[in-house]
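Numbering (the working numbering), first residue to last: 1067 to 1319.
Glycine included, C-beta positions come from ideal geometry on N, C-alpha and C.
Predicted, not measured: the structure shown is a model, and the values here were computed from it.
Below is one structure, written out as structure tokens, with a few remarks after it.
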């Protein structure tokens, strides 16, 4: 079958994607800060470059696909770190592996979030899209972690759409998955928290389909977008959120 590289495959959604692809008979090269085939720190440019070099060596004939799943949530008390990993650790890995993907006319799936459209800091998103990492890191320290998180997730989706034609011209399809509330061991602990649990349970109850997502739901969507059958899907953001985005933004299409 295919040879895929992915960032962030150690836990949660990433682990489910890795398992799904391997069960389908694919080879998956995982890049993560620990418990991975390639150990790399995507918060630094040197770490990203090392990851790209290692993936190229492991897939000398090219890649059938790339999934950029490495990311940090707004619970991490370090906004510059969230910025470095979520945005720059995504777009620089993609750019670095472009030739490897073109060699096999591969597909890319970026992991965004259904919180991306709700970001309220357009200046931060513009800094990210400009590629000015130093200024983006400085600005990230002036806004709330949730705005940093949603800003990075909006920026990766917009970066994808801005570059989709250039990548398609060399045979590479790019799409994004935007997960909604997805239960993982971490979120299940929050659901039981005496301070936040009630609010989280109320939020879950508002999901139109009536239940929260599982990592396997995100893995299924990602697998679908990587398949040859999806060859005409390019530049799309697929909301895998039980209908929440439609509730939040009913008139946006």
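Quiz prompt | Reduced DSSP secondary structure (H/G/I, E/B, other) of residue 1131 | solution = The answer is strand: DSSP assigns residue 1131 an E or B state.
Quiz prompt | Residue environment, residue 1255, which counts as buried when at least 16 other CB atoms sit within 10 Å | solution = Taking a 10 Å sphere around the C-beta of residue 1255, we find fewer than 16 other C-beta atoms and assign the residue as exposed.
Quiz item: Given a threshold of 16 other Cβ atoms within 10 Å of its Cβ, counted over all protein chains shown, does residue 1206 qualify as buried or as exposed?
Solution: Within a 10 Å sphere around the beta-carbon of residue 1206 sit 16 or more other beta-carbons, which makes this residue buried.
Quiz item: Contact check, residue 1291 vs residue 1299 under 8 Å by CB: the rounded distance?
Solution: Going by Cβ atoms, the distance from residue 1291 to residue 1299 rounds to 6 Å, so yes, they are a contact pair.
Quiz prompt | Spatial neighbours of residue 1099 in its chain, beta-carbon cut-off 6 Å, leaving aside the 5 residues before and after | solution = Beyond the five residues adjoining it in sequence on each side, residue 1099 comes within less than 6 Å, by CB distance, of 1107 in the same chain, given in chain order.
Quiz prompt | C-beta contact flag for residue 1160 and residue 1203 at 8 Å | solution = Remark: C-beta atoms of residue 1160 and residue 1203 do not approach each other more closely than 8 Å.
Exercise. Assign residue 1118 to one of three DSSP states: helix, strand, or coil.
Key: Residue 1118: helix per DSSP, three-state reduction.
Quiz item: What does a CB cutoff of less than 6 Å around residue 1173 pick up in its chain, not counting 5 residues either side in sequence?
Solution: Same-chain partners within the cutoff: 1131, 1239 and 1292.
Quiz item: Does the Cβ-Cβ distance between residue 1148 and residue 1157 come in under 8 Å?
Solution: The answer is no: Cβ separation not under 8 Å.
Quiz item: What separation, rounded to the nearest whole angstrom, lies between the Cα atoms of residue 1310 and residue 1278?
Solution: If I take the Cα positions, the gap works out to 10 Å.
Exercise. Reducing DSSP to helix, strand and coil, say where residue 1249 ends up.
Key: Residue 1249 falls in the coil class under three-state DSSP.
Exercise. Closer than 8 Å by C-beta to residue 1267: which residues in its own chain qualify, once you throw out the five before and the five after it? Chain order, please.
Key: Excluding positions up to five away in sequence, the list reads 1257.
Practice problem: Less than 8 Å between the CB atoms is what I'm expecting for residue 1212 and residue 1191, so what's the real figure, rounded? | Solution: Here residue 1212 is actually not in contact with residue 1191; their C-beta atoms are around 14 Å apart, not less than 8 Å.
Practice problem: Using alpha carbons as the reference points, say which of 1163, 1162, 1070 and 1175 lies closest to residue 1284. | Solution: Each of 1163, 1162, 1070 and 1175 was checked against the Cα of residue 1284, and the nearest Cα belongs to 1175.
Quiz prompt | Extent of the continuous beta strand (DSSP E) run through residue 1303 | solution = Residues 1303-1306.
Self-check item: Supposed contact pair residue 1171 and residue 1237 - C-beta distance, whole angstroms, cut 8 Å
Solution: Contact holds; Cβ gap of about 4 Å.
Quiz prompt | Neighbourhood of residue 1271 by C-beta, 6 Å cutoff - its chain only, sequence neighbours within 5 removed | solution = Here the set comprises nothing.
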